[in-house]
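Below you'll find the structure, written out as structure tokens, and then a few comments.
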Amino acid sequence: MPAAPMIDMSAVKKFIVDELLYGDEQQLGPETNLIETGVIDSMSLLRLIGFLEERFGVEVPDEAVIPDNFRSLKAIEAFLTQ
Amino acid sequence: MAFLLNQLLSESAQRVPNHDAVIGAEGSLTYAQLDSISNQIANQLRQDGVRAGDRVGIFLPKSTYSVAALFGIQKAGAAYVPIDPNSPSQRAGYILRNCDIRGLVTNSEKLSVLPPDFFRSGNVRSLLLTDAPSRTDIPRFTTWEQLRTQSKENPNVAITDNDLAYILYTSGSTGEPKGVMISHLNSLTFVNWCFDEFRVTSSDKVSSHAPFHFDLSILDLFCTIKAGATICLVPNEIYAFPVKLAKWISEQAITIWYSVPSALIQLVERGHLENNDYSQLRTVLFAGEVFPLKYLRKLVEAIPHPAYYNLYGPTETNVCTYYKVQPSDLDADRSEPVPIGKACANTEVIAVDDQGTPVGPGGEGELYVRSSTVMKGYWARPDSTAKVVLANWLKKDVSDVLYKTGDIVRPMPDGNYQYVGRRDKMIKSRGYRIELGEIEAALYSHPEVDEAAAIAVPDEKIGARIIAYVVCSNGLDHKQLHAYCRERLPGYMIPERFELRQRLPKTSTGKIDKTSLEKEEAR
């Protein structure tokens, strides 16, 4: 995956808050477990990946769609800036 | 001969005590261990005052704990009531109160989700926690650790196969979930059939993909335990990650897989199945929704050697027909989904027209089921039960019932049935039954919602996507509506999009014109 120079994580958080979690902004910290809390399921994950690809011009190959890369906002950031 | 589901465990524990009964992310339990911990759970429940015929809830992530819990509850003579672990507070509270649970098995995190007044208003006598509690307003409880001091003897509570084994809640059109009551006989009739049909043996490793509140789980749990085989719980963390799930199936050497088609579609589309070895996999079962032929074809191309079966049946009857996929079904010039097949053992299915007359090949009719698998009814809803469990008008001389499925089918000349569609507004998304009326009722319960219509947009990968059209009197936005629904509906029922309108189109009789909204979505 080509390295994305600048990742605006506030946009990712906004997408999750607005489109997947809707509104519970206070509850969403950088290390909140998105999988355990049910925010990420098979449907919402596809929407999130679609958003990341479009917004940041990155490509997320199937092999990279693993819990370690999507467990939390922090994990997503680490994945996008690797 | 076992006439209760929990006796299947006791018998297998005698036969293969050291064999793994269940493997989960937190470890595994042998048959001897599962048998003795479930006895301890049963003894604790009884000591706390749970009696034969009571209901006991399970509000836990899927784990070896929840497997032990459901057998323990049955050994106490009670019926288990599994609650979706991701269920919002109000829905979980509604279900637990609706069936008047007398006991609950949960953990500290799920406990904190329950409504604050839950323990004040209910009749809960027994509370079992898999860890230490986080809240202080709860009554007496027992932790898993404390269960160790309980007797490991089976209390052998005297009940019959006519007593309830579990209650599974499904979507209800009036806005409240309905509890499908299943007796031991209902369930064993199905379990015995699939045990024979799929020749399950103690060397099998059976996936458990479906959540325990979903009736696909019954095969994974009880058919496996009957065989002395191993239940392999899909780790909660990898459900949404096809590459991981594909690898897990291979690493666990799963021999029998059972899930909704949408899970298999994800695997074949994004799982990179070609990277793994599936030589152990011998049988693939799917049910719950139509499997679009093009994806089934791809799956069989990727993993050609297992036998593939389409299983059909509503929660109210469990599986009542089955069909083994034939190579010719997948011919490139075909597009019609595979049939739902023929009746299972000890089951009769009939397609009837609107006058109640059976229709033959070439005709089309609603499917009725006659079997020992037909449910005991909906909990505390005799009115709803009476609409679907009907006196069998084709056999007037004996007491007999037919279950009205609401599914339209076409009998075929070879004796198989082809699924055509629904009679009513019920839809399926990822195999889950959804009454659009339940979503609309949730929206209407908001004081500022004037009009609401939930519509289903067909989607070949997940069955249907749900869009809500809403008229609000007071500047509600889509985020607020979504948050409101999250408190009331399970995730699979929450509309993907909320369209706010000044008014909704009406039919000549003044009803909301959902057909025109559906056309709008299709454009």
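In order, the protein sequence lines correspond to chains A and B. The numbers in the working numbering rise by one with no breaks, and the one at position 46 of the first sequence is 372. The numbers in the working numbering rise by one with no breaks, and the one at position 57 of the second sequence is 183. Ideal Cβ positions, reconstructed from N, Cα and C, are used throughout, including at glycine.
Contact with chain B by residue i, beta-carbon distance below 9 angstroms
i: L354/A; result: no
i: V384/A; result: no
i: S398/A; result: no
i: G376/A; result: no
i: D334/A; result: no
DSSP-derived helix/strand/coil call for residue i
i: A355/B; result: coil
i: P487/B; result: coil
i: Q276/B; result: coil
i: I308/B; result: strand
i: T190/B; result: helix
i: T407/A; result: helix
i: I592/B; result: strand
i: S599/B; result: coil
i: Q481/B; result: coil
i: A337/A; result: helix
i: S333/B; result: strand
i: V384/A; result: coil
i: T256/B; result: coil
i: L130/B; result: coil
i: W383/B; result: strand
i: I466/B; result: coil
i: I402/A; result: helix
i: E362/A; result: coil
i: N542/B; result: coil
i: T633/B; result: coil
i: Y206/B; result: strand
i: I638/B; result: strand
i: E271/B; result: helix
Neighbour list for residue i in chain B, Cβ cutoff strictly below 7 angstroms
i: L371/A; result: A366
Cross-chain neighbours of residue i in chain B, by beta carbon under 8 angstroms
i: D388/A; result: P368, V369, R396, G397 and H398
i: I366/A; result: A366
i: I392/A; result: F367, V369 and K370
i: I361/A; result: N362, E363 and A366
Under 7 angstroms from the C-beta of residue i: neighbouring residues of chain D
i: V338/A; result: Absent from the structure is chain D; the protein chains it does hold are A and B.
Between the CA atoms of residue j and residue i - distance to the nearest angstrom
i: L422/B; j: L456/B; result: 8 angstroms
i: A330/A; j: Q628/B; result: Low per-residue confidence applies at A330/A: pLDDT is 47, beneath 50, and the placement is therefore not dependable, though the value from the model is reported in the following sentence. Going from the Cα of A330/A to the Cα of Q628/B covers about 43 angstroms.
i: E385/A; j: T350/B; result: 41 angstroms
i: V306/B; j: V193/B; result: 20 angstroms
i: K331/B; j: L399/A; result: 36 angstroms
i: D243/B; j: L493/B; result: 43 angstroms
i: K551/B; j: F412/B; result: 23 angstroms
i: Y529/B; j: L516/B; result: 6 angstroms
i: G486/B; j: E574/B; result: 51 angstroms
i: V338/A; j: L374/A; result: 9 angstroms
i: A580/B; j: K632/B; result: 14 angstroms
i: F340/B; j: A291/B; result: 14 angstroms
i: T269/B; j: N224/B; result: 26 angstroms
i: Q200/B; j: V535/B; result: 36 angstroms
i: T381/B; j: I264/B; result: 43 angstroms
i: R479/B; j: T443/B; result: At residue 479/B the sequence reads Asp, which differs from the Arg that was named. Each residue's Cα considered, the two are about 21 angstroms apart.
i: I221/B; j: T409/B; result: 35 angstroms
i: T315/B; j: R325/B; result: 15 angstroms
Interface flag, residue i vs chain A, CB-CB below 9 angstroms
i: Q392/B; result: yes
i: R556/B; result: yes
i: G183/B; result: no
i: A336/B; result: no
i: S234/B; result: no
i: N212/B; result: yes
i: S388/B; result: yes
i: G489/B; result: no
i: G617/B; result: yes
i: G150/B; result: no
Beta-carbon neighbours of residue i, restricted to chain A and to distances below 8 angstroms
i: E574/B; result: Within 8 angstroms Cβ-Cβ: nothing; E574/B doesn't reach chain A, min ~16 angstroms.
Proximal residues of chain A, C-beta to C-beta of residue i below 9 angstroms
i: I588/B; result: S368 and M369
Residue i: contacting residues in chain A (beta-carbon distance under 7 angstroms)
i: G153/B; result: Chain A residues near G153/B: none, gap ~18 angstroms exceeds 7 angstroms.
Cβ pair count under 8 angstroms reaching 3, the stretch 283-301 of chain B against the stretch 255-267 of chain B: Verdict: no, contact absent.
Between the stretch 149-157 of chain B and the stretch 199-217 of chain B, are three or more C-beta pairs nearer than 8 angstroms? Under the three-pair Cβ rule at 8 angstroms, the stretch 149-157 of chain B does not count as touching the stretch 199-217 of chain B.
Would you check if there are 3 or more beta carbon pairs closer than 8 angstroms linking the stretch 394-405 of chain B to the stretch 219-232 of chain B? By the criterion of at least three beta-carbon pairs nearer than 8 angstroms, the stretch 394-405 of chain B is not in contact with the stretch 219-232 of chain B.
How do the stretch 503-514 of chain B and the stretch 468-481 of chain B stand: do at least 3 beta-carbon pairs fall below 8 angstroms, yes or no? No contact exists between the stretch 503-514 of chain B and the stretch 468-481 of chain B.
Is the stretch 358-369 of chain B touching the stretch 165-180 of chain B, taking contact as three or more C-beta pairs under 8 angstroms? Because the criterion of three Cβ pairs below 8 angstroms is not met, the stretch 358-369 of chain B and the stretch 165-180 of chain B do not touch.
Within 8 angstroms, do at least three Cβ pairs link the stretch 291-300 of chain B to the stretch 445-462 of chain B? Output reads no: the stretch 291-300 of chain B does not touch the stretch 445-462 of chain B.
Stretch pair the stretch 607-618 of chain B + the stretch 559-573 of chain B: three plus CB contacts closer than 8 angstroms: Yes, since at least three Cβ pairs between the stretch 607-618 of chain B and the stretch 559-573 of chain B fall closer than 8 angstroms, the two stretches touch.
The stretch 373-387 of chain B contacting the stretch 132-146 of chain B, beta-carbon criterion three pairs below 8 angstroms: Segments in contact, no.
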